[in-house]
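Inspection log for the structure reproduced underneath, given as structure tokens.
Residue numbers (the working numbering): 1047 to 1527.
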């Protein structure tokens, strides 16, 4: 399930400085500080294997498991192939903190000499491991470290993990920062990171593992957004299975939807490898923070209230743009259709109707608006280029008159590549019309000093239409060129 509020477009009036700062920090941490971690971790693994640490630590870990009532796990560990056993024990020393503490204290070794030998060989591996940035700051289950509870909210496990979180961060940040200000937003993110980490540590008490990612802190922003915006209707995009669309509902309604989904996922898919516990904890923490902000008068009601529709002698175009920005395509189409009826040759209106139809995903309207846009005489090269782009995108069926008109106007405006693509699909035109347009296209290349292209097209005219006047003209130009 995906629910993403998209209520206000990003512009100068709501430019989210704190949100963008958080995005920048997350991105820089991932691509700079974490960027070399795979290579550093590979060196650490090699150091672990070269030091033969598994020979001491595997029996010690098996002993630890037996002493804590996990004899079956101990036997499974010892039965693993050497490489798998080495990986499993190394992971245990990363995240099984009581075991690591027992190792360091010597409780799992038989003699002081064995402990001293292990410590000497372990020192090189620990030095390599300390170079892995992520391992120094990742959240570890069972460890109540404020540093790690905060720092893990700026770490990510991969590019897609980062991109997904940053998408939600900017979408929520635009709406929340405008409503509470940049300082309060930073506070929600940082306190939300602590709250979501605390929830994860409580839920996973006794487990072995760790967690990282901004999603818990972003979930806190989501919870705060729901409470701060309260009963104000917001526009959001939803995607559930194969069903997706835009809808409007009070912001507070999203809180039980988001929280319910995270709790359901946590209980139904405990092995999914996703920190649903941190998400749920972040949402609750953020909701409490949002309630505190509202109670202390930190909410900016003027930002949250819907702006009045523009007024004036004829504000339909401006209102249509507002609706388009909000993805309210049907409302935009009603206004644009009225404008198009009065000004059928107004290019920007026709283009806006096409975009509204595309946003709505309505095939019939897309075709109708495409035909209307292509029927307009382009006023400049930019409009001609836009027509060519739409034609390439939609590939509508054009009648001969429209194709001739487009080709002639595009040649005048220098859209020669688009004209050639258009004429490649002009089998419905008469041979005389085709010969004339191909010859004009060749002349257009001549005007731009593209001699090779001109000669290529002139030769094509001679080969395709040898019996028509344009072929004679082409021969003359080639002979005297």
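A virtual CB, placed ideally from N, CA and C, is assigned to each residue, including glycine.
As the structure is a prediction and not an experimental result, all values here were calculated from the model.
> Can you tell which of 1417, 1184 and 1050 has its C-alpha closest to the C-alpha of residue 1436?
Replying inline: 1417
> Using 8 Å as the threshold, is the stretch 1132-1149 in touch with the stretch 1252-1259, meaning 3 or more CB pairs across them?
Replying inline: yes
> Do the CB positions of residue 1294 and residue 1281 come within less than 7 Å of each other?
Replying inline: yes
> Can you name, in chain order, every residue of its own chain whose Cβ lies under 6 Å from the Cβ of residue 1208, other than the five neighbours on each side?
Replying inline: 1076 and 1202
> Quick one: what's got a C-beta closer than 8 Å to residue 1383's C-beta in the same chain, skipping five residues either side?
Replying inline: 1399
>> Using 8 Å as the cut-off, can you tell me whether the stretch 1334-1349 makes contact with the stretch 1307-1316, which would need three or more C-beta pairs spanning the two stretches below that distance?
In response: The stretch 1334-1349 vs the stretch 1307-1316: no contact.
>> Please return the same chain residues whose Cβ sits closer than 8 Å to the Cβ of residue 1420, not counting the five positions on each side in sequence.
In response: 1433, 1436, 1437, 1442, 1444, 1448 and 1452
>> Looking at chain B, is there any beta carbon in it that lies within less than 7 Å of the beta carbon of residue 1240?
In response: In the structure shown, chain B does not exist; there is a single protein chain.
> Can you tell which of 1266, 1426, 1377 and 1109 has its C-alpha closest to the C-alpha of residue 1394?
Replying inline: 1426
>> Could you tell me the alpha carbon to alpha carbon distance between residue 1078 and residue 1326, rounded to whole angstroms?
In response: 30 Å
> Secondary structure at residue 1290, three-state DSSP: helix, strand or coil?
Replying inline: strand
> Apart from the five residues just before and just after residue 1048, which ones in its own chain have a Cβ nearer than 6 Å to its Cβ?
Replying inline: The answer, listed in chain order, is 1285.
>> Taking 6 Å as the limit between beta carbons, can you name the residues of its chain near residue 1269, skipping five residues before and five after?
In response: 1329, 1332 and 1333
>> Let me check one thing: in DSSP terms, what residues is residue 1281 bridge-paired to?
In response: 1294
> Going by Cα to Cα distance, which pick from 1492, 1233, 1273 and 1291 is closest to residue 1263?
Replying inline: The candidate whose alpha carbon is nearest that of residue 1263 is 1233.
>> Would residue 1072 and residue 1220 be called neighbours here (beta carbons separated by less than 7 Å)?
In response: no
> Who does residue 1048 pair with in a DSSP beta bridge?
Replying inline: 1285
>> On a Cα-Cα basis, can you pick out the residue from 1121, 1086 and 1097 that is closest to residue 1178?
In response: Per the Cα distances, 1086.
>> Ignoring anything shorter than 4 residues, give me the alpha helix (DSSP H) runs that lie fully in the stretch 1112-1180, in order along the chain.
In response: 1117-1125, 1128-1141, 1143-1151 and 1158-1175
>> Can you check which of these residues, 1175, 1189, 1509 and 1193, is closest to residue 1183 by C-alpha distance?
In response: 1193
>> If you measure between the beta carbons of residue 1223 and residue 1062, is that distance less than 7 Å?
In response: Yes, the pair counts as a contact, with Cβ atoms nearer than the cut-off.
>> If distances are taken between C-alpha atoms only, which option among 1466, 1273, 1493 and 1474 comes closest to residue 1507?
In response: 1466
> Can you tell me whether residue 1353 is buried or exposed, with buried defined as 16 or more other CB within 10 angstroms of its CB?
Replying inline: Interpretation of residue 1353 is limited by its pLDDT of 46, a score under 50 that renders its predicted location unreliable; no figure is taken from the coordinates.
>> Distance check for residue 1138 and residue 1163, CA to CA, integer angstroms please.
In response: Here the alpha carbons of residue 1138 and residue 1163 stand approximately 20 Å from one another.
>> Spatial neighbours of residue 1461 within its chain, please: C-beta separation below 7 Å, excluding the five flanking residues on both sides.
In response: 1427, 1430, 1431 and 1434
> Beta-carbon separation of residue 1457 and residue 1490 under 7 Å?
Replying inline: The answer is yes: Cβ separation under 7 Å.
>> Just to confirm before moving on: does the CB-CB distance between residue 1379 and residue 1402 stay below 7 Å?
In response: yes
>> What does DSSP give as the partner residue(s) for residue 1063 in the beta ladder?
In response: For residue 1063, no pairing in a beta bridge is given by DSSP.
> Near residue 1135, what residues of its chain come up, given a Cβ to Cβ distance below 7 Å and the 5 sequence neighbours on each side ignored?
Replying inline: Closer than 7 Å at Cβ, skipping near neighbours: 1100, 1103, 1104 and 1107.
>> Given this structure, state the Cα-to-Cα distance separating residue 1396 from residue 1455, to the nearest angstrom.
In response: 18 Å
> Which residues does DSSP pair with residue 1248 in a beta bridge?
Replying inline: The beta-bridge partner set that DSSP reports for residue 1248 is empty.
>> So, for residue 1273: in the same chain, excluding its five sequence neighbours on each side, which residues have a beta-carbon less than 6 Å away from its beta-carbon?
In response: Counting only Cβ-Cβ distances below 6 Å, and skipping sequence neighbours, we find 1333, 1336 and 1337.
> Taking all protein chains shown into account, do 16 or more other C-beta atoms lie within 10 angstroms of the C-beta of residue 1359, making it buried, or fewer, making it exposed?
Replying inline: Because the pLDDT at residue 1359 is just 49, under 50, the model does not fix this residue reliably, and the point stays unresolved.
> Is residue 1523 closer than 7 Å to residue 1504 when the C-beta atoms are compared?
Replying inline: yes
> With 16 as the cutoff for other CB atoms within 10 Å, does residue 1267 come out buried or exposed?
Replying inline: buried
> Using the C-alpha atoms, what's the distance from residue 1440 back to residue 1199?
Replying inline: 44 Å
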